[in-house]
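In the working numbering, the protein residues as written are 137 to 481.
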Amino acid sequence: MNRSARALRLAIAVAVLVVVPAAPAAAHVAGGPAPSNFSGVITSIRAPMSGVQVSLSPSGDQIEIRNDSAADVLVPGYSDEPYLWIGPSGVQRNERSPATYLNATAEGTTVLPPQADPGADPDWVTLSTAPMLGWHDHRTHWMGTDLPPAVQADPTRVHLISSWEVPLSFDGEPVVISGTLTWTPPPSSLPWTVLAVALFALAVGVAGRERWRRPMLVLLVVLVTVDGLHLAISSLAGESSAFTITAGSLPTAVALLLTWASWRSVKAGTTTVAYTGGIAAWLVCIQSLSDLDVLWHSQLPSAAPGWLTRAAVTVGVGLGAGLALGCLRVLARSRGTTQAEPAAL
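The following block contains the structure:
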C-alpha cells in the first residue's frame, strides 16, 4: 500500500469518527418530532384573534401560537391559573403554575415542586423576546401508557379518540381552541421490507461480479442522491432547529465527498473505491436507520408524501447495507492479490 493510499484511508477513518457521533444528536434525520399513529387537527377557534396564528403539531401534542398583534394572549393552566403570556414584547411563563412542570414530559408525571401553587400570585419569567411559543399541552393528546380501548379492540381501523378544547384569552376576551385527536392505523411495512431485501441482494450481487466497479459506483450515486432527498424533505418539515439540520447534514456531506473519491478511484481502476464506497454506504445506512420507524407509523413529520419518505428510508437501509457488505466482499476477495495488470472496469 503506497503512502497516498494510507493517507486517504486515514483521512476517511478520521472523518467517520468525527461525523458519526454527530448524527444521533437529532435522533431523526434533521431532528423534528417522531412519527406517530395519532393525528391532531384544530377544528375551530371560537372568537376572532386578529394578528394571531395558532397551529398544532401533526401528532397533536404541541400547540404553537404566534402573536403579531398589539394585544396580549394569556393561556391558563390545568387549574385555570395563569400559565403563559404571549405578547408583543415576547413570552413569559408563570413559574408558580403546575402546568410549567407537568408539561415538561409527555406523560405529565412530573413531581410538582413546592413552588407550584395554582392559587399563588404569578411569578413571571421571560422565555423569549419573540412573540411566539410552542408548548406541549396534555389537553390535546392521548395521555394513557396503553393504547385507547377502541384501538386495542381494532387497531386496523381509524378511530376518533377525543375532541378537546384549550381555553385562552385575547385582549381580555375569552377564546376557545377546539380540535380532535384521531388514530390512523399504520400501513403495511411488508412491501418496503421486500424492497429493502431486493436492493440489499442487488448490491451484494454486483460486488460478486468481475466487472464490479462501475455498477457499484452507479448504485452508490443513486444511494447518495436518495439520501440527499431524504435530508431535504426531513429538513423542510419545518420543526427542526439549525443545529439538528446541520448535524443531520454532516454524514450526507461526507458520503458525497466519498462518492466523488470513489469516482476518481473507478477512473484510476484501483480498489480504493471499495473503501470509500463502503464507508459512504455505511454512513447512509446508519443515518437512514434513525428514521426506520416511518415504515410502521401513519403520521410522518415530513414535507413530502408518506410513500416518498418511506421509499427514501428503505433505499438508504437496504441499498446502503448491501453496498457496505458488498465492498467488504470485494476487499476480502482482493486481499493478498496484486494489481500487476490494469484492473477491468
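Virtual Cβ for every residue (Gly too), placed ideally from N, Cα, C.
{"Item": "Other residues of its chain near V451: CB distance less than 6 Å, five sequence neighbours each side excluded", "Value": "V362"}
{"Item": "CB of L326 within 7 Å of CB of G176, strictly", "Value": "no"}
{"Item": "7 Å Cβ cutoff met for Q423 and P194", "Value": "no"}
{"Item": "Distance between V453 and P387 (C-alpha atoms, nearest Å)", "Value": "14 Å"}
{"Item": "Span separating the alpha-carbon of W271 from that of E200", "Value": "6 Å"}
{"Item": "Test item: CB-CB of A183 and V311 under 7 Å", "Value": "yes"}
{"Item": "Runs of beta strand (DSSP E) wholly within the segment 163–245 (minimum 3 residues, chain order)", "Value": "174–182, 188–192, 198–203, 209–212, 218–223 and 226–230"}
{"Item": "Cβ-heavy atom distance, T262 to the ligand ZN, below 6 Å", "Value": "Among the ligands in the structure shown, none appear at all, so the ligand ZN cannot be discussed."}
{"Item": "Beta-bridge pairing of V261 - partner residues as DSSP gives them", "Value": "R229"}
{"Item": "Close beta carbons around L467, own chain, < 8 Å, minus the five adjacent residues each side", "Value": "T407, A410, Y411 and G414"}
{"Item": "Segment limits, alpha helix (DSSP H) that includes A287", "Value": "The sequence as given places Val at residue 287; Ala does not occur at that position. It spans P285 to A289 - the alpha helix (DSSP H) in which V287 sits, taken as one unbroken run."}
{"Item": "Selection from D204, D197 and S180 that minimises the alpha carbon distance to V188", "Value": "D204"}
{"Item": "Distance CB(N173)-CB(H433) smaller than 7 Å", "Value": "yes"}
{"Item": "Span separating the alpha-carbon of S215 from that of P250", "Value": "16 Å"}
{"Item": "Contact set for M279: own chain, Cβ-Cβ below 8 Å, skip 5 residues either direction", "Value": "E243 and G244"}
{"Item": "Selection from I297, A332 and W260 that minimises the alpha carbon distance to V227", "Value": "W260"}
{"Item": "Same chain, Cβ closer than 6 Å to A159, five either side skipped, listed in chain order", "Value": "Model confidence at A159 stands at a pLDDT of 49, short of 50, so the residue's coordinates are unreliable and nothing is read from them."}
{"Item": "7 Å Cβ cutoff met for I212 and D429", "Value": "Note that residue 212 is Pro in the sequence shown, not Ile. Result no, Cβ atoms of P212 and D429 do not sit closer than 7 Å."}
{"Item": "Proximity of L464 and A417 at Cβ, strictly below 7 Å", "Value": "no"}
{"Item": "Three-state secondary structure assigned by DSSP to S470", "Value": "helix"}
{"Item": "V294 to V302 span [Cα, whole Å]", "Value": "24 Å"}
{"Item": "For W443, three-class secondary structure by DSSP", "Value": "helix"}
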